[in-house]
Amino acid sequence: MRKFDTKVQHLKYKVLKEVARLAWNDTLLENLMDIPQMIIPGKTPTMRCCVYKERAIVAERVKLAMGGNKDNPNVIEVIEIACDECPMGGYEVTNACRGCLAHRCEDACKFGAIYFDQNHVAHIDKTKCRECGACSRVCPYSAIISLRRPCENACKIKAIHMSEAKTAAIDNKKCIACGACVYQCPFGAIMDKSYILDAIDIIKKSDNNRKYKVYAVVAPSISSQFTYAKLGQVITGLKELGFYTVIEAALGADMVAYSESRELVEKGFLISSCCPAFVSYVEKNFPGLAPSISHNLSPMATIAKYLKEREKNCKVIFIGPCTAKKAEVQKESVRPYVDVVLTFEELQALFDSKDIDITTLPEDVLDNASYYGRIFARSGGLTDAIAEGLKEHGFTDFKLKSSVCDGIEQCKVALMKKSKNMSDANFIEGMACVGGCIGGAGCLTHGEKDKAEVDKYGREAFEKTISDAISVLI
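Numbered by UniProt numbering, the letters in the sequence shown go through residues 1 to 474 in order.
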């Protein structure tokens, strides 16, 4: 069965699984140096120039699987030894240039970077080029192409640049930890730090939940994951791993929607606080709008806060598609409530590290949230939930004018318009990943996700209104 999109993901998974397997058995430290050879056996290379480089890269992956560089606050790191194969030319004129008479590329370039040789073939002066792409867009032969690295193309906020060593470097002041570069790097040279060892340690020390209870809080986007099994089997698998029970983060989404809809009416204008990468983007790039970010915690932190306040000694592990959640839990406002964040990739590694075949397990039930809480997983779901929250509060006179932003590029446009008073939107829903949480970097697969599937999962909820869902918490 196919669990991942690419061999890069599979390699990452194999490292995580082996680290986790040894940690469960309390043999990680004595076998640490052997992991690269376990994963890359023999003498024939399959990915790089030689097995020795392959093993050196795996050794770096092991470090990241164990938490990465403690001196680097960013949860996304570059594996420098793995980053050396990509072209770096920027925009280049190919041999498809016909030396035409129109010279639209020259007219489009505002920086005078286009010049022509004696055969009228275009060339680019790299000392003048600003990489704007205007010449490429107007060339009738598509003869000008961008040779920027995939990680640079993936990073829409321009947080990645080339270091002096010609490897990718991340500007932590710009990075929002969305993880787009992690998935798009064809060589797997960028990876999110894993806290899988912390999760294993918490579960083991709970003594089968006798010393304290360990709650798994799962993101609603789980409905689009583990497609080779049934959702109920995934829930049973989590309990087999050692979790006391499984709670829907969607219940936290219900709580957020109910509170945020009231906050919107009180303030008149609000920016959503659910997506940590989007919140970070607002704070770093539109500080003037930051005071308008909702004061509600994210759904993850909201339900975790409820659990911790009800049961002081419990532990909460969040499982979802999001690398930025790993950064969110470092915040002072969230740290007391969420102990560890894992991605769906890491959950798959955990299952297999204990030889848990979830397809053979009976189905358990996951039914805490409403339809509206569950559809937070897709772009536009939060807006639908806010509209329902307004209705359930009785704020019938308030007219919701939402700007739904699907991906960080749309977020930028909406925030720019609002900052210049060019938008009448009174609510901005921002999702850094295209499609919403179902497009997160920590997903098992990253193909086209059907939003209708998310809505279908929402309709299966027992609780049909937000008020019904949160009534059990009172």
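Glycine is no exception: its CB is placed at the ideal position from the N, C-alpha and C atoms.
Cβ-heavy atom distance, residue i to the ligand FMN, below 7 angstroms
i	result
V340	Absence of the ligand FMN is noted for the structure shown, with no ligands found whatsoever.
Backbone secondary structure at residue i - three-state DSSP
i	result
V182	helix
C405	strand
M162	strand
A96	coil
I470	helix
residue 475	Outside the displayed span of the chain (1 to 474) sits residue 475, for which this structure offers no information.
R130	coil
S423	coil
S261	helix
K417	helix
T396	coil
Y141	coil
L11	helix
G42	coil
F376	helix
F278	helix
E363	coil
D5	coil
A385	helix
L16	helix
Residue from the options with nearest C-alpha to residue i
i	options	result
E131	V121, I145, C139	I145
I428	L415, M422, K420, C437	L415
E388	A377, Y372, F398, K401	Y372
K230	M422, T359, G447, D107	T359
A461	G394, A369, S379, T383	A369
L350	G440, K3, V19, V8	V19
E311	V214, P220, I190, G394	V214
G89	H161, K315, E266, A219	H161
G188	C151, I203, D171	C151
V338	D357, C314, T323	C314
K166	Y195, S471, I466, P87	P87
P36	S224, T44, L289, V15	V15
L64	C433, G268, K17	K17
T396	F376, V404, I386	I386
F269	R137, N95, D424	D424
A250	L366, K110, D355	L366
I356	L238, E266, S273	L238
D117	E106, T127, F111	E106
H393	L473, T236, E263	E263
A59	D34, K456, L307	D34
I247	A301, G288, P291	A301
D468	A290, M255, G436	M255
C155	K456, N296, K3, V434	V434
K3	Y228, K451, I222	Y228
Cβ pair residue i, residue j closer than 8 angstroms
i	j	result
V78	A143	no
H326	D192	Contrary to the premise, residue 326 reads as Lys rather than His in this sequence. It is a contact, given that the beta carbons lie within the stated cut-off.
A122	V93	yes
F286	P321	no
A277	V217	no
L444	F243	no
E363	G458	no
E30	I40	no
I81	A102	no
I176	S280	yes
K284	K174	yes
A324	C181	no
M431	G407	yes
R98	Y141	yes
A257	P220	no
C135	Y91	yes
I375	V340	no
V404	S379	yes
A113	C139	no
I438	S224	yes
L473	Y306	yes
S272	L390	no
L289	K418	yes
A441	Y183	yes
R61	K7	no
P299	C275	no
According to DSSP, residues forming a beta bridge with residue i
i	result
I271	I293, I428
Y91	S146
E463	S370
E248	V218
Y115	H123
A169	H161
(message) Quick check for students: name the residue ranges of the alpha helix (DSSP H) that lie wholly in the segment 175-242, counting only runs of 4 or more.
(response) 180-184, 196-205, 231-241
(message) Just to confirm the assignment: which complete beta strand (DSSP E) runs, minimum length 3, are found wholly within the segment 295-355?
(response) 315-320, 340-343
(request) Identify every run of the beta strand (DSSP E) within the segment 46-92, keeping only runs that are complete inside it and at least 3 residues long; order them along the chain. (result) 76-78
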